[in-house]
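K.L.:
Respectively, the protein sequence lines represent chains A and B.
Offset between the first sequence (1-based) and the numbering used here: plus 2.
Offset between the second sequence (1-based) and the numbering used here: plus 2.
Positions of the beta carbon are idealized from the N, C-alpha and C atoms, including for glycine.
Owing to the predicted nature of the structure, the values given are computational and were not obtained by experimental measurement.
There are 2 protein chains.
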Amino acid sequence: MTNRQMSLVGFMQAGNVTVYSGSWRYPSAELGFLSLDYYAKIARTLEEGGFDLVFFDDRLAMPGVYGNSVADAVRYGARPVKLDLTAVLGGVIGATSRIGVGATYSTTYYDPFHVARTFATLDHLSGGRAAWNVVTSVNDSEAQNFGLEKHLGHDERYDRAHEFLEAVTALWDSWEPDALVMDRESGIFADPEKVHEIDFAGKWFKVRGPLTVPRTPQGRPVLLQAGSSGRGREFAAEWADLIFTGDPGIEVARQHYRDQKKRIAAAGRDPDTVKILPMAYAVVGETQAIAEEKERLFLDAYVHPVASLTLLSEVLNYDFGRHGLDDPVTPAMLDASSGIRGLFEGVRRHLGRDDLTVRDLAAHRATLLQGPRFVGTPDRVAGQMREWFDGEACDGFVLAATHLPGAFEEFVRMVVPILREQGVFRSEYTGHTLRDHLGLPK
Amino acid sequence: MTNRQMSLVGFMQAGNVTVYSGSWRYPSAELGFLSLDYYAKIARTLEEGGFDLVFFDDRLAMPGVYGNSVADAVRYGARPVKLDLTAVLGGVIGATSRIGVGATYSTTYYDPFHVARTFATLDHLSGGRAAWNVVTSVNDSEAQNFGLEKHLGHDERYDRAHEFLEAVTALWDSWEPDALVMDRESGIFADPEKVHEIDFAGKWFKVRGPLTVPRTPQGRPVLLQAGSSGRGREFAAEWADLIFTGDPGIEVARQHYRDQKKRIAAAGRDPDTVKILPMAYAVVGETQAIAEEKERLFLDAYVHPVASLTLLSEVLNYDFGRHGLDDPVTPAMLDASSGIRGLFEGVRRHLGRDDLTVRDLAAHRATLLQGPRFVGTPDRVAGQMREWFDGEACDGFVLAATHLPGAFEEFVRMVVPILREQGVFRSEYTGHTLRDHLGLPK
Ligand SMILES: Cc1cc2nc3c(=O)[nH]c(=O)nc-3n(C[C@H](O)[C@H](O)[C@H](O)COP(=O)(O)O)c2cc1C
Ligand SMILES: Cc1cc2nc3c(=O)[nH]c(=O)nc-3n(C[C@H](O)[C@H](O)[C@H](O)COP(=O)(O)O)c2cc1C
Numbered sequence: 003m004t005n006r007q008m009s010l011v012g013f014m015q016a017g018n019v020t021v022y023s024g025s026w027r028y029p030s031a032e033l034g035f036l037s038l039d040y041y042a043k044i045a046r047t048l049e050e051g052g053f054d055l056v057f058f059d060d061r062l063a064m065p066g067v068y069g070n071s072v073a074d075a076v077r078y079g080a081r082p083v084k085l086d087l088t089a090v091l092g093g094v095i096g097a098t099s100r101i102g103v104g105a106t107y108s109t110t111y112y113d114p115f116h117v118a119r120t121f122a123t124l125d126h127l128s129g130g131r132a133a134w135n136v137v138t139s140v141n142d143s144e145a146q147n148f149g150l151e152k153h154l155g156h157d158e159r160y161d162r163a164h165e166f167l168e169a170v171t172a173l174w175d176s177w178e179p180d181a182l183v184m185d186r187e188s189g190i191f192a193d194p195e196k197v198h199e200i201d202f203a204g205k206w207f208k209v210r211g212p213l214t215v216p217r218t219p220q221g222r223p224v225l226l227q228a229g230s231s232g233r234g235r236e237f238a239a240e241w242a243d244l245i246f247t248g249d250p251g252i253e254v255a256r257q258h259y260r261d262q263k264k265r266i267a268a269a270g271r272d273p274d275t276v277k278i279l280p281m282a283y284a285v286v287g288e289t290q291a292i293a294e295e296k297e298r299l300f301l302d303a304y305v306h307p308v309a310s311l312t313l314l315s316e317v318l319n320y321d322f323g324r325h326g327l328d329d330p331v332t333p334a335m336l337d338a339s340s341g342i343r344g345l346f347e348g349v350r351r352h353l354g355r356d357d358l359t360v361r362d363l364a365a366h367r368a369t370l371l372q373g374p375r376f377v378g379t380p381d382r383v384a385g386q387m388r389e390w391f392d393g394e395a396c397d398g399f400v401l402a403a404t405h406l407p408g409a410f411e412e413f414v415r416m417v418v419p420i421l422r423e424q425g426v427f428r429s430e431y432t433g434h435t436l437r438d439h440l441g442l443p444k
Numbered sequence: 003m004t005n006r007q008m009s010l011v012g013f014m015q016a017g018n019v020t021v022y023s024g025s026w027r028y029p030s031a032e033l034g035f036l037s038l039d040y041y042a043k044i045a046r047t048l049e050e051g052g053f054d055l056v057f058f059d060d061r062l063a064m065p066g067v068y069g070n071s072v073a074d075a076v077r078y079g080a081r082p083v084k085l086d087l088t089a090v091l092g093g094v095i096g097a098t099s100r101i102g103v104g105a106t107y108s109t110t111y112y113d114p115f116h117v118a119r120t121f122a123t124l125d126h127l128s129g130g131r132a133a134w135n136v137v138t139s140v141n142d143s144e145a146q147n148f149g150l151e152k153h154l155g156h157d158e159r160y161d162r163a164h165e166f167l168e169a170v171t172a173l174w175d176s177w178e179p180d181a182l183v184m185d186r187e188s189g190i191f192a193d194p195e196k197v198h199e200i201d202f203a204g205k206w207f208k209v210r211g212p213l214t215v216p217r218t219p220q221g222r223p224v225l226l227q228a229g230s231s232g233r234g235r236e237f238a239a240e241w242a243d244l245i246f247t248g249d250p251g252i253e254v255a256r257q258h259y260r261d262q263k264k265r266i267a268a269a270g271r272d273p274d275t276v277k278i279l280p281m282a283y284a285v286v287g288e289t290q291a292i293a294e295e296k297e298r299l300f301l302d303a304y305v306h307p308v309a310s311l312t313l314l315s316e317v318l319n320y321d322f323g324r325h326g327l328d329d330p331v332t333p334a335m336l337d338a339s340s341g342i343r344g345l346f347e348g349v350r351r352h353l354g355r356d357d358l359t360v361r362d363l364a365a366h367r368a369t370l371l372q373g374p375r376f377v378g379t380p381d382r383v384a385g386q387m388r389e390w391f392d393g394e395a396c397d398g399f400v401l402a403a404t405h406l407p408g409a410f411e412e413f414v415r416m417v418v419p420i421l422r423e424q425g426v427f428r429s430e431y432t433g434h435t436l437r438d439h440l441g442l443p444k
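As structure tokens, then:
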């Protein structure tokens, strides 16, 4: 097979909703999000579909910026539930054998030793299938669960993240690959010349090491990153194996793709060894009419505007509870919000007008999520994906679900066979580790 | 069944050795400690044996006190490997259905929000089988992986632990039991009147809450504790559901049992709702000769004195690398060491003489571990256990393994049937949660 191969990643949430905050109300959605079987079943579906990876996002707080209260997040189910991901992944690993398994951990609210140990362990237990999505967290709600009033500033977060990664990778490398001896006869367990204290000392962290986990099957677990700011793209260029993006249209995505690949080369790495994957929704139906009716359900039916603003307030770290739904969006709001930038612009572009109200933001935030939405028959969805993939807008996709487990089941049943037939997606796994699936060096 | 029932707990390590540092060299020991199957299989063995709980200990560093280096820990396999326990438990939960599953987490090197979320998640995924062994960590090796030179002082650790537990339990209680509504029609997910920000503010921690995990099946995961100092016993009296002890003989254990039960009553709790379990080894053989030969193997054959001193140096936070093996043990050594106290006394008592050398400490530390060792035919081992149990020295046992998985397989095959026949141990699980197994209130 000499065709360029598409990477497919299932974007999961360990909680009551997908990225789409109305997903729990979708008619056929299952609500078993507190049980292991729920996650195991979805991961097995994606594994049957030959996905490279299933990965889980995370937040370290219930949304609490809107109205300075968690009440609306609780009431409308706007992401009030977020489980511990290592526990979930441990279970998912036992239920699968080939698909990669990834979790989001924040460099702002964890310690390097713990995170290094967690992912090294996951990599061993899974036989080389572990991935870490490196985030710096987004807002004050999270800070307030860890003794702080305010979140760290944007660039300071990335400084800390950089040092965090230096410490973690040094810990992963602290056992050389052939350090284990395990000779019962002589009683030599491992070669002390090949296991190193790291004596890391930076501005934020001091870590003696070594890690208490031998070198892992992948050497290093796979690193995922989704920085979109200039600083974020630099960080991803230096560290990431997979980069997630969230661009609204193919043209913006192409520019982002080119810019990011250039930055990777400038950082001294081979751009072909780093995959860039936009977040996307696929809404598939047996006929175009079914797909469009599903889209309507998904778009219109289930999200209360306040639920939507609750999540938007989190992402922008700005309290929309101060405004009525019909208040105009003002430049002052933009200036006052930190967090993910450019989201306002996306909505403006999407609606094709400048005079937005708070309700407009609410309506679009519910579903848009800065990524493309592919809607239609299986052929049409596959065609749209090919357009992005062949047009050098991406190396594959991070697929978000409108509801679970249905959205992934339908995609695997209807779209994957077409991509396979077209020779752009694997018919079966050929390797064993996640790096094998992605064609990345060890 | 009106008989008082024995509690049995399997004491596990997620690494290359059991508590006994020669265990990896034992002839029939399996060395699959980097795979999930290994832990799943052992947990299933204990579940077949009707054990209440399998729980894992932890350390957050490779032993590095001896000679101020990790070299000997690495060389002799003296606990250089410790995996992430949440990852392991997630897998074990998927492989079992009834046995309780516990992990050790330190209040000194984690945050309350993370630990609360971890155990709440484990409790949901397991359907109410999770337990947390609360420790404060023991030495400078651990401190040095978290930016510190020296470990916190003993009483300061317990102050922090107390506040940590206040924050964690407030987070567990932050969702009332009936807060979830999940009405798709009205779009009400949960009742905001029943989910509370905790606004915890103490000396060490500030946490806003609520937890991002609904009330768990057990209400609160089960708490384990093993404090042996006065301060530790007070802490256990206030917080623990299960208390682990490590007393060398039945008389000391009886005193400890009485003292601890008195402290529980003084803390305003019903002493019958807290179980006290000494750590013990069982070495079982089809005949007395087989058991004694196994004990000899276990005691003599596999532990290099330096491996033993490596671990002893950790527990006492004192560098025995400064002394030769034949140097006498001096009062100055005792004064210089913090950590688990009274261990020296135990060895003196055991050997029946006062003039100890460093080698004596090494020899006994390898296996003794401050708990009783029951050796012999199944009947004899069961009889010794009954003597402790009936004699009000304990409510059951935390069984450590001389090697894995053999030691637990043999115990389940040979000793459990006798305890069942005698009516002091369950023939099958009657409840579903760990609290059910232990007969504890929710
Ligand atoms: C697909 C995708 C998944 C993300 N998952 C998380 C997440 O789980 N937790 C989080 O705090 N941020 C998450 N983010 C946000 C990014 O980490 C990052 O903060 C954001 O893209 C803005 O980039 P910047 O920080 O460089 O401005 C995600 C972003 C994308 C596109
Ligand atoms: C069965 C048992 C298991 C223990 N497991 C751990 C452990 O995993 N990690 C740890 O740091 N300490 C562990 N300890 C040590 C105790 O937490 C505690 O520090 C010790 O019993 C001394 O008590 P003190 O701190 O009150 O002096 C264990 C003790 C016993 C008896």
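Can you list the residues of chain A that B:Ile95 reaches, using a CB-CB cut of under 7 angstroms?
P.N.:
Leu38, Gly93
K.L.:
Tell me which residues of the region 125-141 of chain B have at least one Cβ-Cβ distance to chain A shorter than 7 angstroms, keeping chain order.
P.N.:
His126, Leu127
K.L.:
Spell out whether any CB of chain A is found under 8 angstroms from the CB atom of B:Thr435.
P.N.:
Chain A, which has no Cβ nearer than 8 angstroms to the Cβ of B:Thr435, makes this no.
K.L.:
Measuring only between beta-carbons, confirm whether A:Gln146 sits less than 8 angstroms from chain B.
P.N.:
yes
K.L.:
For a contact defined as C-beta to C-beta under 8 angstroms, what are the partners of A:Tyr107 on chain B?
P.N.:
The premise fails here: A:Tyr107 is roughly 10 angstroms from chain B at the closest Cβ pair, so nothing lies under 8 angstroms.
K.L.:
Using DSSP with H/G/I as helix, E/B as strand and the rest coil, what is B:Ile420?
P.N.:
Residue state, collapsed to three classes: helix.
K.L.:
Give me the residue from A:Leu173, A:Phe202, A:Thr214 with the minimum Cα distance to A:Ala192.
P.N.:
A:Thr214
K.L.:
For A:Arg186, return the contacting residues in chain B, with the cut-off set at a CB-CB distance below 7 angstroms.
P.N.:
Within 7 angstroms Cβ-Cβ: Arg27.
K.L.:
Report yes or no: is there a C-beta of chain A within less than 8 angstroms of the C-beta of B:Ala291?
P.N.:
no
K.L.:
Please classify B:Ala267 as buried or exposed, where buried requires at least 16 other C-beta atoms within 10 Å of its C-beta.
P.N.:
Exposed, because fewer than 16 other Cβ atoms sit within 10 Å of the Cβ of B:Ala267.
K.L.:
As a quick exercise: from B:Val414, B:Gly102, B:Asn18, B:Ala89, pick the residue whose alpha carbon is nearest that of B:His434.
P.N.:
B:Gly102
K.L.:
Does any CB atom of chain B fall closer than 8 angstroms to the CB of A:Asn18?
P.N.:
yes
K.L.:
Report the neighbours of A:Glu199 on chain B: residues whose CB is nearer than 7 angstroms to its CB, in chain order.
P.N.:
Val72
K.L.:
For A:Gly96 versus B:Leu336, is the C-beta spacing smaller than 8 angstroms?
P.N.:
no
K.L.:
Quick check: is any heavy atom of ligand 1 less than 7 angstroms from the C-beta of A:Arg61?
P.N.:
A heavy atom of ligand 1 is found nearer than 7 angstroms to the CB of A:Arg61.
K.L.:
If A:His358 and A:Val331 are in contact, beta carbons under 8 angstroms, what's the gap, nearest whole angstrom?
P.N.:
In the sequence as displayed, the identity of residue 358 of chain A is Leu instead of His. The pair is a contact, with the Cβ atoms about 4 angstroms apart (cut-off 8 angstroms).
K.L.:
Assuming A:Thr312 contacts A:Ala75 (C-beta within less than 8 angstroms), just tell me the rounded distance between them.
P.N.:
5 angstroms
K.L.:
Given that A:Met14 touches chain B, what residues does it touch there, using C-beta distances under 8 angstroms?
P.N.:
Here the premise fails: no neighbours, minimum Cβ distance about 15 angstroms.
K.L.:
In the DSSP assignment, what residue or residues form a beta bridge with A:Asp185?
P.N.:
A:Ile190
K.L.:
Is the CB-CB distance between B:Arg61 and B:Glu151 below 8 angstroms?
P.N.:
no
K.L.:
Here's the rule: buried if 16 or more other CB atoms are within 10 angstroms of the residue's CB, otherwise exposed. What is B:Ala409?
P.N.:
buried
K.L.:
Taking 8 angstroms as the threshold (beta carbon to beta carbon), is A:Arg119 in contact with chain B?
P.N.:
yes
K.L.:
Pick out the complete alpha helix (DSSP H) segments inside the region 34-68 of chain B, 4 residues or longer, and give them in chain order.
P.N.:
38-50
K.L.:
Is any beta-carbon of chain B found at less than 8 angstroms from that of A:His306?
P.N.:
yes
K.L.:
Could you run through the region 38-66 of chain B and flag, in chain order, every residue whose CB is less than 8 angstroms away from some CB of chain A?
P.N.:
Within the region 38-66 of chain B, the qualifying residues are Leu38, Ala42, Arg61, Leu62, Ala63, Met64, Gly66.
K.L.:
Would you say A:Ile342 reaches chain B, if we count a Cβ-Cβ gap shorter than 8 angstroms as a contact?
P.N.:
With a pLDDT of 43 at A:Ile342, under the threshold of 50, the modelled position of that residue is not reliable, and no figure is offered here.
K.L.:
Would the beta-carbon of B:Thr109 fall within 8 angstroms of that of B:Val136?
P.N.:
yes
K.L.:
Determine the DSSP secondary structure at B:Phe246, reduced to helix, strand or coil.
P.N.:
strand
K.L.:
Could you tell me the boundaries of the beta strand (DSSP E) in which B:Ala284 lies?
P.N.:
277-286
K.L.:
CB-CB under 7 angstroms to A:Lys84, same chain, minus the five flanking residues each way: which ones, in chain order?
P.N.:
Ala16, Gly17, Asp60, Arg61
K.L.:
Does ligand 1 have even one heavy atom less than 7 angstroms from the beta-carbon of A:Arg233?
P.N.:
For A:Arg233, the Cβ falls inside the 7 angstroms cut-off from some heavy atom of ligand 1.
K.L.:
A:Arg190 versus chain B: which residues are under 9 angstroms apart at the beta carbon?
P.N.:
A small correction: the amino acid at residue 190 of chain A is Ile; Arg does not occupy that position in the sequence shown. Simply Arg77, Tyr78, Gly79.
K.L.:
Please decide whether B:Arg210 counts as near chain A, where near means a Cβ-Cβ distance under 8 angstroms.
P.N.:
yes
K.L.:
Would you say the beta carbon of B:Ser2 comes nearer than 7 angstroms to a heavy atom of ligand 2?
P.N.:
The structure shown does not extend to residue 2 of chain B, since chain B spans only 3 to 444, so no value can be given for it.
K.L.:
Taking A:Ala293 as part of the beta strand (DSSP E), name the residues at either end of that continuous run.
P.N.:
Segment 290-298 is the alpha helix (DSSP H) holding A:Ala293; no beta strand (DSSP E) there.
K.L.:
For B:Asp249 versus B:Pro280, is the C-beta distance shorter than 8 angstroms?
P.N.:
yes
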